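Take a look at the structure set out below.
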Amino acid sequence: MIKLESRHWIFLGLFVLVVGAMVLNISFDIAVTDETQRLYNLIDSLPEGSTLIISFDHEASSLPEIRPLALVVLRHTFSKNIKLIGTALLAEGTGVGYQLMNMVAKEYGKQYGIDYVYLGFKPQYIAAILSMGESIPETFPEDYLGKPVAQLPLLHNVKNYDDIAGVISIADGSLTTHWIEYGASRYGVRVSAAVTAAMMTTYDPYLASGQLYAMIGGLRGAAEYERLINRGGAGKRGMLAQTVSHIYVICLIVVGNIVYFRAKRKKRSNS
Amino acid sequence: MVAFLMNRLGPQIICFVFGLVLFAVYFSAHPVARQINTTVLVDYWQIIFAFTLIIGVISFVNLSVHDIKRGHNRFYRFISLFGLVIMPVFAVIWGIKGDSPFMWMFDNVQVPMQSTVFSLLAFFVASASYRGFRARSLPATVLLVAALLTLISRSSLEGALPSFIAGTADWVRGNPSMAARRAILIGIGLGSLTTSLRVLLGIERTWLGGEK
């Protein structure tokens, strides 16, 4: 018989709470923050036919948090008839990006090669960002499917960042920093980001200085964006699990401190 | 003399010349400079990347074979080597698009495994918050309060609580947190600049083989 320790009960408590919350499907009203509103306004203000680069700069491990973020951005851009160029600067994001773009494109009846293209993965992210500033067709002579860029009508009038309305980096790490440092600083392309919650404070200085134009972060950001585009999704559902687990952690911190101070007082009174 | 030229002076000269040329090319708007820049970025960096990949694979195989011979984590090492071999085989035979076996493995093996490992963090955080997050001192108490505010502000409870909580959490994120982050970024920037100059000017020579 396995003897359960306190940590095992804590694990079990978290599991039960998260599963329970997901089963109950309670919905909270989430206020939209300024930073989320800013990305929404940016995409909303772009004229039809503008071209954006969506870069899937993430690994597979963060997919539960990244997927809702990517979906809201893709849905909003496709609904505004904005043309999209998909890239990936991390190998693991390549397949994910391709699947998500195709899935959302199908929802909005978009045609590959005309409304969107997927250029795929390019190793050496700094070199890739810099060389796209010189020439996108030279950096990606073929798309992800191996089709020459000359056969993709969307890219006929796209040479470099000068022909792009902006870059949205969907990232779970520091890759957005490279888009800012090399894409924005060297070539002046407008960089925005959809990042995991843990990475948000990393990008705060760039956001405050204006080097990063807009940012949405974590499940909360996805849930806010879902509200803006009037479409439910994994962001809102995930926020329930996140809220419950946050409350649980807060309770654990409080209980842990009560136990600590009681033990301290007892020790003092004994001595 | 020849050894000194080959091992020390030669690499240092190459490093200095390439460093200087690429620095100039990066900022120059001249068409020739732009073309050199594109060639270096598109071709040379990719060739270097290919070699680093080969080194990585060889190193991983060596390590795994070594561990298998010694009987350390033999099962896991076999699985790793199997993955290392099977994924390129799938990619070469059936490609990496859409419904290929490569993508099936990625979607149904790699993504769930990585997401699972990542999500385990939530359980460790919960356990650590109970056992380690104590108000033992003033700095620890400040950290604890900041953590509580952040946890509340990143949940759906924000609307149900007094507005000063969200306001304070935003203040923490926008002021002390950002100030610390900026200090780190400036430090990294100055450190990178100094190290680059030291390497280019030959003051820093450890990359040549350990000699200072």
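Listed in order, the protein sequences are those of chains R and G.
For the first sequence, position 261 matches number 261 in this note's numbering, and the numbering has no gaps at all.
Converting from the second sequence to this note's numbering requires adding 1000 to each position, the first position being numbered 1.
Note that CB positions come from ideal geometry on N, CA and C, so glycine has one too.
If you're wondering where the values come from, they're calculated on a predicted model, not measured in any experiment.
Through-space distance from residue j to residue i, alpha-carbon basis
i: I1124(G); j: L74(R); result: Note that residue 1124(G) corresponds to Phe in the displayed sequence, not to Ile. Taking the straight line from one Cα to the other gives about 33 Å.
i: S45(R); j: Q1046(G); result: 37 Å
i: V1040(G); j: I10(R); result: 54 Å
i: L71(R); j: I136(R); result: 25 Å
i: G1095(G); j: F1102(G); result: 7 Å
i: L1121(G); j: L14(R); result: 12 Å
i: S1080(G); j: I1184(G); result: 37 Å
i: D115(R); j: I1152(G); result: 41 Å
i: L1138(G); j: R268(R); result: 20 Å
i: R1134(G); j: G210(R); result: 37 Å
i: Q124(R); j: L1201(G); result: 25 Å
i: G166(R); j: R190(R); result: 5 Å
i: Y273(R); j: F1164(G); result: Chain R is shown only over 1 to 271; residue 273(R) falls outside these bounds and no answer can be derived.
i: R1074(G); j: K110(R); result: 49 Å
i: I1055(G); j: G173(R); result: 24 Å
i: Q242(R); j: P1176(G); result: 25 Å
i: L42(R); j: S185(R); result: 19 Å
i: D163(R); j: F1027(G); result: 21 Å
i: P148(R); j: L154(R); result: 12 Å
i: N1007(G); j: T1194(G); result: 24 Å
i: A1118(G); j: R67(R); result: Note that residue 1118(G) corresponds to Phe in the displayed sequence, not to Ala. Approximately 15 Å, taken between the alpha carbons.
i: F1023(G); j: C1015(G); result: 12 Å
i: E35(R); j: M215(R); result: 6 Å
i: K272(R); j: L1084(G); result: With chain R covering only 1 through 271, there is no way to say anything about residue 272(R).
i: R1173(G); j: T1150(G); result: 8 Å
i: K1212(G); j: V1199(G); result: Bear in mind that a pLDDT of 48 at K1212(G), under 50, signals an unreliable position, so the number given afterwards is only what the model happens to contain. Answer to the nearest angstrom: the Cα atoms are 11 Å apart.
i: A1128(G); j: S1115(G); result: 20 Å
Test: residue i CB closer than 7 Å to a CB of chain G
i: D143(R); result: no
i: Q151(R); result: no
i: Y260(R); result: yes
i: L252(R); result: yes
i: N257(R); result: yes
i: H246(R); result: yes
i: I276(R); result: Any answer about residue 276(R) is impossible in this case: the structure gives chain R only from 1 up to 271.
i: F56(R); result: no
i: M101(R); result: no
i: P205(R); result: yes
i: P68(R); result: no
i: M215(R); result: no
i: R7(R); result: yes
i: G20(R); result: no
i: T176(R); result: no
i: M239(R); result: yes
Proximity to residue i [Cα-Cα], best of the options
i: E138(R); options: I1093(G), T1038(G), H1072(G); result: T1038(G)
i: A307(R); options: H246(R), R227(R), C251(R); result: The first residue shown for chain R is 1 and the last is 271, placing residue 307(R) beyond what the model contains.
i: T177(R); options: D163(R), N81(R), E134(R), S192(R); result: S192(R)
i: R265(R); options: R1136(G), E1158(G), L1161(G); result: R1136(G)
i: S1156(G); options: G20(R), L219(R), A198(R); result: L219(R)
i: W1207(G); options: Q1012(G), A1003(G), L1005(G), L1161(G); result: Q1012(G)
i: L90(R); options: G120(R), I229(R), Y112(R); result: G120(R)
i: G97(R); options: H58(R), I82(R), G238(R), A223(R); result: H58(R)
i: G20(R); options: S245(R), M101(R), I250(R), E65(R); result: S245(R)
i: L240(R); options: A223(R), N160(R), V254(R), L84(R); result: A223(R)
i: L212(R); options: M199(R), R231(R), W179(R), A234(R); result: W179(R)
i: A128(R); options: Y187(R), I247(R), L84(R); result: Y187(R)
i: M103(R); options: F1106(G), M1105(G), G1098(G), I1188(G); result: G1098(G)
Neighbour flag for residue i against chain R, beta carbons, 7 Å
i: G1159(G); result: yes
i: T1150(G); result: no
i: K1212(G); result: Caution is warranted here: a pLDDT of 48 is assigned to K1212(G), below 50, making its placement in the model unreliable, and no coordinate value can be reported.
i: T1141(G); result: no
i: Y1130(G); result: yes
i: T1038(G); result: yes
i: M1087(G); result: no
i: R1182(G); result: yes
i: A1126(G); result: yes
> Which runs of the alpha helix (DSSP H) fall wholly inside the stretch 24-112 of chain R and span at least 4 residues, in chain order?
Replying inline: As far as the stretch 24-112 of chain R is concerned, its whole alpha helix (DSSP H) runs of at least 4 residues are 34-45, 63-79, 91-107.
> Which runs of the beta strand (DSSP E) fall wholly inside the stretch 1136-1178 of chain G and span at least 3 residues, in chain order?
Replying inline: none
> Quick one: complete alpha helix (DSSP H) runs, 4+ long, within the stretch 106-147 of chain R?
Replying inline: 125-134, 136-139
> What residues in the stretch 1165-1176 of chain G bring their beta carbon closer than 8 Å to a beta carbon of chain R?
Replying inline: Correct list: R1173, G1174.
> Going along the chain, which residues of the stretch 112-142 of chain R sit with their C-beta nearer than 7 Å to a C-beta in chain G?
Replying inline: Taking a C-beta cut-off of 7 Å against chain G, the contacting residues of the stretch 112-142 of chain R are P123, Q124, A127, L130, S131, E134, S135, E138, T139, listed in chain order.
>> As an exercise, report each continuous beta strand (DSSP E) stretch of at least 3 residues that is fully enclosed by the stretch 215-263 of chain R, in chain order.
In response: 215-217
> Got a sec: which bits of the stretch 1040-1070 of chain G sit with their beta carbon under 7 Å from any beta carbon on chain R, in order along the chain?
Replying inline: L1041, V1042, W1045, Q1046, F1049
>> Ignoring anything shorter than 4 residues, give me the alpha helix (DSSP H) runs that lie fully in the stretch 1056-1091 of chain G, in order along the chain.
In response: Correct list: empty.
> Mind pulling the beta strand (DSSP E) runs of 3 or more residues that sit fully within the stretch 142-181 of chain R?
Replying inline: 166-171
> Which runs of the alpha helix (DSSP H) fall wholly inside the stretch 1017-1042 of chain G and span at least 4 residues, in chain order?
Replying inline: 1031-1039
>> At a CB distance below 7 Å, what residues from the stretch 23-51 of chain R approach chain G? Give them in sequence order.
In response: So the list reads F28, D29, I30, A31, given in the order they occur along the chain.
>> Taking beta-carbon pairs under 9 Å, can you tell me which members of the stretch 82-101 of chain R lie near chain G?
In response: E92, T94, G95, V96, Y98, Q99
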